[in-house]
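Asks: To get our numbering, take the position in the sequence shown, counting from 1, and add 25. This is the structure I have questions about; it appears just below.
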Amino acid sequence: MWRATTSQRPRSPLAHLNLGNALQGAGRHAEAIVHYRQGLRLKPGSAETHVNLGNALVALDRREEALSHYREALRLKPDLADASYNLGHTFHALGRTTEAIAHYRQALRLGPDNADAHCNLGFVLEAVGRTREAMTHFQAALRIEPGRTAILNKLGNALQASGRLGEAITRDREALRRKPAYAEAHNNLGNALLAVGRPQEAIPHYREALRLNPEQAQVHYNLGRALLQSGQPREAIGHYRQALQVKPDMADAHYNLGNALVTLGRSGEAIEHYLAAVRINPDHVGAHNNLG
26 MWRATTSQRP RSPLAHLNLG NALQGAGRHA EAIVHYRQGL RLKPGSAETH
76 VNLGNALVAL DRREEALSHY REALRLKPDL ADASYNLGHT FHALGRTTEA
126 IAHYRQALRL GPDNADAHCN LGFVLEAVGR TREAMTHFQA ALRIEPGRTA
176 ILNKLGNALQ ASGRLGEAIT RDREALRRKP AYAEAHNNLG NALLAVGRPQ
226 EAIPHYREAL RLNPEQAQVH YNLGRALLQS GQPREAIGHY RQALQVKPDM
276 ADAHYNLGNA LVTLGRSGEA IEHYLAAVRI NPDHVGAHNN LG
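Written out as C-alpha cells, the structure is:
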C-alpha cells in the first residue's frame, strides 16, 4: 500500500516514513534506509524518522552512523524517550559504557516504566562492577514486568556477586521454575550452591546446563570443581579436559586439573598443567605455589 502511495505522492515525507517502517518490519533494512533518507530530505525536522533511520542502521551493524541520527532526534525533540534509550543501547553495544549509562538514565527520567531501560542499565552497571546499583534496576524491571525470566537470572547473578547467596539461590530457583530449560540459570544456581559449600546439589544443575548447551567451557570447569570438591577427581579430570578443549587458554582449568591429578598421585602430569597455567597467567599464585 505504502509503495503505491509513494509512487502517487513521491514528495510526501509521511509516505516515505510509513514505507520505510513497513520495509523495516519485513527485515528489508537497506531498502528502508533509502525511504527514511528520502523522507528526511523532504522533512529534515522529523525526529521520528531520524530514530527509525537509526534503528535500520543498527540492524545493519552501522552503529556509528546511527548515533548521529539518534542525537539529531533528541536535538529536535529532547523529551523523546526512544531516542535516549536507543542511544544508550547503541553506546552499550559499542562498549562506551559511560555514555550508555547516561542515556539509559535519561530514558528512565523520560519514561520511568521502561523495563528494557532498567534491565539494560542493570547489565551495564553490573559489567563495570557497580553491582548494588545494578540490582536496583533489575528489581525495578521485575516490578514492571514480573514474568521476565532473564531479568530474574541477572538479578540472581548480581545478588551472588554481592555475597547475598541465599537470595541468589531463591531467584535462580524461581527463574528455573518459570523456564526449566534455561542453561544459564542452571549454571548460576550451581555456582551459588557451590559458593555455599553444597557441591553435591550443584552437580545436577551443571549437568543439566551442559545437556542443554554442551560446548560451554566455563560450565565444564564449574562441574569439574564441584566434582573435585565432592571427592570425584576422575570425573572432574574429564570435565577440566573438556573445558580446555573448548578454551585452551583457561589458566584456572589447567591449575585445577593439576590439583585433581595430584589427588590421584599423578604429580608428573600435574606439573605440566601448573606450568601451562603459569604460561597463560604469569601471576597465577596457586600454580606458582604448587610448583614450589
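Glycine included, every Cβ here is placed at the ideal spot set by N, Cα and C.
Skipping 5 residues on each side, what residues in its chain have a beta carbon closer than 7 Å to that of A91?
Replies: So the qualifying residues of the chain are G79, L82, V83, T115.
Asks: If contacts are defined as beta-carbon pairs under 8 Å, then I262 and L282 qualify, I think. What distance do you get, rounded to the angstrom?
Replies: Contact holds; Cβ gap of about 6 Å.
Asks: Enumerate in chain order the residues of its own chain whose CB-to-CB distance from T30 is below 6 Å, with the five nearest sequence positions on each side excluded.
Replies: Residue placement at T30 is poorly supported in this model, since its pLDDT is 48, which falls under 50; the coordinates are not used for a value here.
Asks: Let me see if you follow: with CB-CB separation under 8 Å, is Q270 close to chain B or not?
Replies: Although the question refers to chain B, the structure presented lacks it and comprises just one protein chain.
Asks: Between the beta-carbon of A118 and the beta-carbon of R87, is there less than 8 Å?
Replies: No, they are not a contact pair.
Asks: Starting from the Cα of T195, find the closest Cα among G181, A208, G147 and give me that residue.
Replies: Of the listed residues, the one whose Cα sits closest to T195 is G181.
Asks: H298 to N178, Cα distance in whole Å?
Replies: Answer to the nearest angstrom: the Cα atoms are 34 Å apart.
Asks: Classify P258 as buried or exposed, calling it buried when 16 or more other Cβ atoms lie within 10 Å of its own Cβ.
Replies: Flag for P258 reads buried.
Asks: Closer than 7 Å by C-beta to P224: which residues in its own chain qualify, once you throw out the five before and the five after it? Chain order, please.
Replies: Counting only Cβ-Cβ distances below 7 Å, and skipping sequence neighbours, we find A251, Q254, S255.
Asks: Excluding five sequence neighbours on each side, which residues of the same chain lie with their C-beta closer than 7 Å to the C-beta of M26?
Replies: Note that M26 has pLDDT 49, beneath the 50 cutoff, so the model's placement of it is unreliable and the number below is only indicative. Excluding residues within five positions, none has a Cβ falling inside 7 Å.
Asks: For L65, which residues from the same chain have a beta carbon less than 6 Å from its beta carbon, with the 5 sequence-adjacent residues on both sides left out?
Replies: So the qualifying residues of the chain are T74.
Asks: Compute the beta-carbon to beta-carbon distance between G215 and N247, rounded to the nearest angstrom, for a pair I have assumed lies under 8 Å.
Replies: Yes, they are in contact, since the Cβ atoms of G215 and N247 sit about 6 Å apart, within 8 Å.
Asks: Between E97 and the rest of its own chain, which residues show a CB-CB distance below 7 Å, the 5 nearest in sequence each way excluded?
Replies: Hits under 7 Å: H75.
Asks: Can you tell me which of L101, D197, R53, A140 puts its alpha carbon nearest to the alpha carbon of L85?
Replies: Selected option, being the one with the closest Cα: R53.
Asks: Write down every uninterrupted run of the alpha helix (DSSP H) in the region 210-292 whose length is 4 residues or greater and which is fully enclosed by it, in chain order.
Replies: Qualifying alpha helix (DSSP H) stretches, in chain order: 224-237, 242-254, 258-271, 276-288.
Asks: My understanding is that N139 touches Y95, with C-beta atoms under 8 Å, so please give their C-beta distance in whole angstroms.
Replies: At roughly 16 Å, the Cβ-Cβ gap does not stay under 8 Å, so N139 and Y95 are not in contact.
Asks: DSSP state of Q33, grouped into three classes?
Replies: Caution is warranted here: a pLDDT of 49 is assigned to Q33, below 50, making its placement in the model unreliable, and the coordinate value is therefore given only provisionally. Three-state DSSP puts Q33 in a helix.
Asks: Would you mind working out which of N315, D274, L99 sits nearest G293, comparing C-alpha positions?
Replies: Comparing Cα positions, the closest option is N315.
Asks: Mark D104 as exposed unless 16 or more other C-beta atoms lie within 10 angstroms of its C-beta, in which case mark it buried.
Replies: Counting Cβ neighbours within 10 Å, D104 comes out exposed, since fewer than 16 surround it.
Asks: Report yes if the CB atom of E4 is closer than 8 Å to the CB atom of A183, and no otherwise.
Replies: Since the first residue of the chain shown is 26 and the last is 317, residue 4 is not available in this structure.
Asks: Keeping to the same chain, check which residues put their C-beta closer than 8 Å to that of H264; ignore five residues upstream and five downstream.
Replies: Answer for H264: H245, Y246, L248, G249, L252, listed in chain order.
Asks: Does N43 come out as helix, strand or coil in the three-state DSSP assignment?
Replies: DSSP places N43 in helix when its eight states are reduced to three.
Asks: Just the Cα atoms here: how many angstroms apart are T122 and L286?
Replies: Approximately 42 Å between the Cα atoms of the pair.
Asks: Within 10 angstroms of its Cβ, does S71 collect 16 or more other Cβ (buried), or is it exposed?
Replies: Buried.
Asks: Find the nearest neighbour of I305 within the set Q270, K68, H279, judged by alpha-carbon distance.
Replies: Checking every option, the nearest Cα to that of I305 belongs to H279.
Asks: Taking C-alpha atoms, which residue in E56, L67, V221 lies nearest to P38?
Replies: Taking only the C-alpha atoms, the option nearest P38 is L67.
Asks: If distances are taken between C-alpha atoms only, which option among I296, A220, Q243, R291 comes closest to P319?
Replies: The first residue shown for the chain is 26 and the last is 317, placing residue 319 beyond what the model contains.
Asks: Do you know offhand how far A57's Cα is from K102's?
Replies: Going by the C-alpha atoms only, they are around 22 Å apart.
Asks: Cα separation between L300 and D277?
Replies: Roughly 12 Å separates the two Cα atoms.
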